[in-house]
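Colleague: In terms of the working numbering, the sequence shown opens at residue 17 and continues consecutively.
Have a look at this one.
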Amino acid sequence: MWTEDGAVRPWTFGRCRDTKPRFSPDGETIAFLSDRSGRVQLWLLPANGGEARQLTFFKNGVRDYVWSPDGTFLIALTTLGDDETIEDREEPEKAEVKRTDLKPRVVERLYYKSDAAGFLDGKRAVLARIDVLSGKIEALTGREEEIGSFAVSPNGRTLAFVANRNEDPDTTFTRDIILLDLEKKTETNLTNGCGAFASLAWSPDGMKLAAIGHDLAYLGATLHQLYVFEPERGTKRVLTADWDVHLGDTMVGDMHADAKGPGPIWASDGSGLYVTASERGRVKAYFVSLAGPIVPVVEGDFHLYGFTVHPNGRQAVAAISSPTSVGDLYAVSLADGTKTRLTRANEALEHEVAFAAAEPFTYRSADGLEIQGWIVNYPHLANA
17 MWTEDGAVRP
27 WTFGRCRDTK
37 PRFSPDGETI
47 AFLSDRSGRV
57 QLWLLPANGG
67 EARQLTFFKN
77 GVRDYVWSPD
87 GTFLIALTTL
97 GDDETIEDRE
107 EPEKAEVKRT
117 DLKPRVVERL
127 YYKSDAAGFL
137 DGKRAVLARI
147 DVLSGKIEAL
157 TGREEEIGSF
167 AVSPNGRTLA
177 FVANRNEDPD
187 TTFTRDIILL
197 DLEKKTETNL
207 TNGCGAFASL
217 AWSPDGMKLA
227 AIGHDLAYLG
237 ATLHQLYVFE
247 PERGTKRVLT
257 ADWDVHLGDT
267 MVGDMHADAK
277 GPGPIWASDG
287 SGLYVTASER
297 GRVKAYFVSL
307 AGPIVPVVEG
317 DFHLYGFTVH
327 PNGRQAVAAI
337 SSPTSVGDLY
347 AVSLADGTKT
357 RLTRANEALE
367 HEVAFAAAEP
377 FTYRSADGLE
387 IQGWIVNYPH
397 LANA
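Set out below in structure tokens:
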């Protein structure tokens, strides 16, 4: 999509599912995940058009990936069974399983399924380095029970990742940040069991590492905060400690069940970070300055479920949904918050269906506590 005029040009075709497109640092290549080979694998596509090239052939596919800052390699998240190696390649899809081939499932762990993946297969998470030109792969981690967010430092020498290394991973909320020296292959536990962390982002100068997390004060009910670590100095700051909101996207809905909310995004000058926060049935974008102030940059009665900032620091693109709009992309001026709609993905539906708007209201409970809620007006009775 060209943001100047909203013109859309299809870039991939076929009966397949292509997701998570990301430009290389030089803008010449687009990496994306696709199931066109059977398993979800990592593919590369020239940004000026051409044939996509399959980069990975992992037996169990790829779950997520990041580019290296210089664009020479990527880090991919895959899984391995007890008898599998990183060199094992994907196998052709088997014929449809007959009911007579199905066997009972024996469950021996508390955490055995999830809404996103269904029944868990018991395979362990592994991070691998893939050379862009040769396709050579190198396993960087052992078989972890769980790996969450991961990010490569700007100098390409350190990989930060979130891991669950608890003795009883099913009943412990701790998620630590691990720093892996990609040259020496040595690890440092940055958080040492002090909380649960996710959504890692290195500062432009590589001296700081931001993360969304909390100190487990109320276990899983603890509000998420914005942390900034300085690994070389051994310090950490909580930039949102006095802000009584939950960072990240906690809205629940069927329309965006597969959408992954953005983590913290550093300003190009390293002065602060852009984050999303959930408050009173809305998700908005804010700028959190290292100096202290927290300023809204995209706000309204809507659900902001995607957000990215242009390197020039003046513009952003937001994915926004509301009770009267399934979801579209908007160009946002970070100077004044002006939004320009770029897409109309469900324009035909909007003309056929009457959407009911939701209006916020507040009231006092019996003990005087102010409670916020929403009322949905039936559209045909709006003027009744």
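Note that beta-carbon positions come from the ideal geometry of N, C-alpha and C, so glycine has one too.
#1: Mind checking who W59 pairs with in its DSSP beta bridge?
#2: Measuring only the C-alpha atoms, how far is Y243 from G269?
#3: Does DSSP put E248 in a helix, a strand or coil?
#4: Determine the closest residue to S341 out of A361, R52, G329, with distance taken between C-alpha atoms.
#5: In the DSSP assignment, what are the bridge partners of N328?
#6: Does the Cβ of I387 have 16 or more other Cβ atoms within 10 Å, making it buried, or fewer, making it exposed?
#7: For L149, tell me which candidate among F166, D86, W18 has the shortest Cα-Cα distance.
#8: For E160, does the three-state DSSP call read helix, strand or coil?
#9: Going by DSSP in three states, P85 sits in which element: helix, strand or coil?
#10: Please classify F135 as buried or exposed, where buried requires at least 16 other C-beta atoms within 10 Å of its C-beta.
#11: Just curious, the alpha helix (DSSP H) that H367 is in, first and last residue?
#12: Tell me whether the beta-carbon of F189 lies closer than 8 Å to the beta-carbon of F177.
#13: Could you tell me whether the segment 236 to 255 touches the segment 298 to 315, where touching means 3 or more Cβ pairs closer than 8 Å?
#14: First and last residue of the beta strand (DSSP E) that includes D344?
#15: How would you label A111, buried or exposed, when you count the other beta carbons within 10 angstroms and need 16 or more for buried?
#16: Determine, using beta carbons only, whether K224 and E203 come nearer to each other than 8 Å.
#17: If you compare alpha carbons, which of E363, A364, L345 is closest to T356?
#18: Run through DSSP, which three-state label would P312 get?
#19: Spatial neighbours of R79 within its chain, please: C-beta separation below 6 Å, excluding the five flanking residues on both sides.
#20: Per DSSP, what are the beta-bridge partners of V261 in this structure?
#21: Where does A237 fall in DSSP's three states?
#22: Is DSSP giving P395 helix, strand or coil here?
#23: Go ahead and label L365 buried or exposed: buried means 16 or more other beta carbons lie within 10 angstroms of its beta carbon, across all protein chains shown.
#24: Residues in its own chain within less than 7 Å of F73 by CB, not counting five upstream and five downstream?
#25: Which two residues bound the contiguous beta strand (DSSP E) that contains H230?
#26: From the DSSP output, in three-state form, read off S284 for me.
#27: In the structure shown, what three-state DSSP assignment does A176 receive?
#28: Can you determine whether any heavy atom of the ligand ZN sits closer than 7 Å to the C-beta of D80, and answer yes or no?
#29: DSSP beta-bridge partners for I446?
#30: Using alpha carbons as the reference points, say which of F89, R191, N208, T238 lies closest to D260.
#31: With DSSP as the reference, label Y302 as helix, strand or coil.
#32: Considering only their Cβ atoms, is the gap separating R140 from R159 smaller than 8 Å?
#33: Taking 8 Å as the threshold, find out whether the segment 281 to 288 comes into contact with the segment 211 to 220 through three or more Cβ pairs.
#34: Judging by CA-CA distance, which residue of L49, E162, A347 is the nearest neighbour of L71?
#35: Given a cut-off of 8 Å on the beta-carbon distance, is the pair T207 and I193 in contact?
#36: For A212, collect the residues of the same chain with a Cβ closer than 7 Å to its Cβ; drop the 5 residues on either side in sequence, then sort them by chain order.
Modeller: Once the coordinates are examined:
#1: F48, Q70
#2: Approximately 28 Å, taken between the alpha carbons.
#3: coil
#4: A361
#5: DSSP lists no partner for N328.
#6: exposed
#7: D86
#8: strand
#9: coil
#10: exposed
#11: 363 to 368 is the extent of the alpha helix (DSSP H) around H367.
#12: no
#13: Contact between the segment 236 to 255 and the segment 298 to 315 is present: 3 or more CB-CB pairs across the two stretches fall below 8 Å.
#14: 341 to 349
#15: With a pLDDT of 49 at A111, under the threshold of 50, the modelled position of that residue is not reliable, and the figure given next carries that caveat. Exposed.
#16: no
#17: In terms of Cα proximity to T356, the closest of E363, A364, L345 is L345.
#18: DSSP places P312 in strand when its eight states are reduced to three.
#19: L93
#20: V261 pairs with nothing; no bridge assigned.
#21: A237 carries a helical assignment under DSSP once its states are collapsed to helix, strand and coil.
#22: helix
#23: exposed
#24: Q57, R105, E106
#25: 225 to 230
#26: Correct three-state label for S284: coil.
#27: strand
#28: With respect to small molecules bound, the structure shown includes none, and the ligand ZN cannot be examined in it.
#29: Because the chain is modelled from 17 through 400, residue 446 falls outside the range shown and cannot be assessed.
#30: T238
#31: strand
#32: Cβ atoms of R159 and R140: closer than 8 Å.
#33: The way I'd put it, the segment 281 to 288 does touch the segment 211 to 220; three or more beta-carbon pairs between them come closer than 8 Å.
#34: L49
#35: yes
#36: F189, T190, R191, G229, H230, L232
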